[in-house]
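**Student:**
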Amino acid sequence: MVNSTAQKRALLLSIIAAILTLIHANNVGACNPEDNGASCETSSETDTTTTKTTSSLLGPYATWEDAPASTEEFDHDNDKSVCRLPIISVEEWEAGRYWERNEPVLVQNVTDGWAAMEHWTKDELLRRYPDVRVGMGSSRDLGQTGPDDAGNKLTKTTIQDFVINHMHDPNSEKYVFDRKLNMPDGLLDDCQPYPMPTRMFAEYGEALKGFAATSGARGNTMWKDHLALTIGRDLQGLTFHRHNAAWNLVVFGSKRWILYDADRIEGHKTRLKRMTRDVNNPIQLTSANWIRKLYHMDERMYEIRNYGHDCVQRAGEMLYVPRGWAHMVVNIGDTVAVVSERGLDAMEP
36 MVNSTAQKRA LLLSIIAAIL TLIHANNVGA CNPEDNGASC ETSSETDTTT TKTTSSLLGP
96 YATWEDAPAS TEEFDHDNDK SVCRLPIISV EEWEAGRYWE RNEPVLVQNV TDGWAAMEHW
156 TKDELLRRYP DVRVGMGSSR DLGQTGPDDA GNKLTKTTIQ DFVINHMHDP NSEKYVFDRK
216 LNMPDGLLDD CQPYPMPTRM FAEYGEALKG FAATSGARGN TMWKDHLALT IGRDLQGLTF
276 HRHNAAWNLV VFGSKRWILY DADRIEGHKT RLKRMTRDVN NPIQLTSANW IRKLYHMDER
336 MYEIRNYGHD CVQRAGEMLY VPRGWAHMVV NIGDTVAVVS ERGLDAMEP
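When the letters of the sequence shown are read in order and numbered with my numbering, they come out as residues 36 to 384.
1) Could you check the C-alpha separation between Pro388 and Val371 for me, to the nearest Å?
2) Return helix, strand or coil for Met171, following the three-state DSSP convention.
3) Starting from the C-beta of Ala281, find all residues in its chain whose C-beta is less than 6 Å away, skip the five residues before and the five after it, and write them out in chain order.
4) When burial is assigned at 16 or more other CB atoms within 10 Å of the CB, is Pro230 buried or exposed?
5) List the endpoints of the continuous beta strand (DSSP E) containing Met353.
6) Using beta-carbon positions only, say whether Ser174 and Leu273 come within less than 8 Å of one another.
7) Taking buried to mean at least 16 other C-beta atoms within 10 Å of its own C-beta, is Pro139 buried or exposed?
8) Taking Phe275 as the reference, give the member of Glu108, Leu329, Glu159 with the closest Cα.
9) Quick one: give me the first and last residue of the beta strand (DSSP E) that Ile367 is part of.
10) Tell me, to the nearest whole angstrom, how far the beta carbon of Tyr164 is from that of Leu222; I am working on the premise that it is less than 8 Å.
11) Report buried or exposed for Tyr210, applying the criterion of at least 16 other Cβ atoms within 10 angstroms of its Cβ.
12) Between the alpha carbons of Pro121 and Asn316, how many angstroms are there, rounded?
13) Consider the C-beta atom of Ser375 and the heavy atoms of the ligand ADP; say whether any pair is separated by less than 7 Å.
14) Only counting the same chain, and skipping five residues up and downstream in sequence, which positions put a Cβ closer than 7 Å to that of Met310?
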């Protein structure tokens with residue numbers, strides 16, 4: 036009896052020892068401070084470290100979609116009485132050659148097939164193109180000078196530096212919008228196939244330049260294969276400005292647009308100033324505050340609803356703005372977009 040009891044006790048102790056050995060082995064495999072230098076006290080500490088590492092690599096928000104978005108305040112459903120734009124397909128855009136018309140238009144599903152839809156998510160953009168040079172400046176300054184004449188208003192930086200250190204800085208209004216700084220080949224390849232008429236120049240550029248030279252056409256009448264990148268956070272966007280015909284294509288995010296007919300303001304600078312500014316305040320409002328404080332005052336809403344457009348552009352859509360139309364933009368959430376303007380060349384490599 037004694038031997039039997041002792042044998043049972045020895046067997047039980049050996050089983051317990053085996054279990055303890057197995058538990059210890061599992062713990063070492065899960066977290067070995069000698070391998071990675073991390074603390075192995077609790078799993079929650081490891082999770083916190085991972086979260087902090089992700090934040091430092093991507094900025095305060097892991098994805099474009101995670102960032103704040105003023106959807107409730109600035110989004111709307113593009114009711115025909117408000118937007119008043121033709122909303123068409125890529126096929127209709129090309130068949131109708133809308134870029135030759137003096138009429139804004141919204142084109143849907145333009146980014147179908149674009150590699151940018153995968154390569155320009157926040158983590159992939161920073162992984163693939165961290166050192167790409169961009170120009171950043173205040174969206175209000177860019178609107179006042181015009182984006183093509185911003186000059187020393189722009190500061191050169193990299194995509195990584197802007198996204199991590201400036202994009203969501205509460206004390207900064209920095210916005211990437213440098214149309215004279217061409218995107219490098221990798222980013223351009225992500226935007227294939229280009230929308231027409233930009234694609235036409237990309238395919239037949241030399242022939243088109245030769246034709247322009249022999250016919251005496253001016254360079255600013257041609258759509259060239261120069262694309263520019265814009266990146267901004269919620270509520271940013273250029274204030275009222277005008278330029279040559281251009282298209283703007285949203286890859287991620289949304290934009291609220293206010294457009295005002297060029298014919299309505301041709302030769303009427305007083306009307307343009309009265310529409311776009313508070314004449315009693317020399318400081319130009321941001322685009323978001325123009326909608327909040329001025330849109331509903333005086334004749335502005337009547338003018339836009341009868342001689343302009345108030346539309347929301349979503350990811351995958353391209354908005355065409357004809358030459359001379361006054362327009363302003365408000366980002367709804369983090370927004371990444373591509374711009375092409377007729378006649379615009381890269382002024383810098």
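Ideal placement from N, C-alpha and C gives every residue a C-beta, glycine not left out.
**Tutor:** For this structure:
1) Nothing about residue 388 can be reported from this structure: the residues present for the chain run from 36 to 384 only.
2) The sequence position of residue 171 within the sequence shown is 136, counting from 1. Strand.
3) Residue 281 sits at position 246 when you count from the first residue of the sequence shown. Answer for Ala281: Val356, Glu376, listed in chain order.
4) Walking along the sequence shown from the start, residue 230 turns up at place 195. Counting Cβ neighbours within 10 Å, Pro230 comes out buried, since at least 16 surround it.
5) Within the sequence shown, residue 353 is the residue found at index 318, counting from 1. 353-356 is the span of the beta strand (DSSP E), which, as asked, contains Met353.
6) What you label residue 174 is simply residue 139 of the sequence shown in a count that begins at 1. What you label residue 273 is simply residue 238 of the sequence shown in a count that begins at 1. It is a contact, given that the beta carbons lie within the stated cut-off.
7) On the sequence shown, position 104 is the one that residue 139 refers to. Buried.
8) Within the sequence shown, the letter at position 240 stands for residue 275. Per the C-alpha coordinates, the member of Glu108, Leu329, Glu159 positioned closest to Phe275 is Leu329.
9) In the sequence shown, counting from the first residue as 1, residue 367 sits at position 332. That run of the beta strand (DSSP E) goes 361-376.
10) Working through the sequence shown from its first residue, we reach residue 164 at position 129. Working through the sequence shown from its first residue, we reach residue 222 at position 187. That pair is a contact at about 6 Å.
11) Translated into positions along the sequence shown, residue 210 becomes position 175. By the neighbour-count rule (16 or more Cβ atoms within 10 Å), Tyr210 is buried.
12) Residue mapping note: residue 121 aligns to position 86 of the sequence shown, counting from 1. Residue mapping note: residue 316 aligns to position 281 of the sequence shown, counting from 1. Each residue's alpha carbon lies about 35 Å from the other.
13) As presented, the structure is devoid of all ligands, the ligand ADP included, so that no description of it is given.
14) In the sequence shown, residue 310 corresponds to position 275, counting from 1. Contacts found: Tyr295, Arg335, Glu338.
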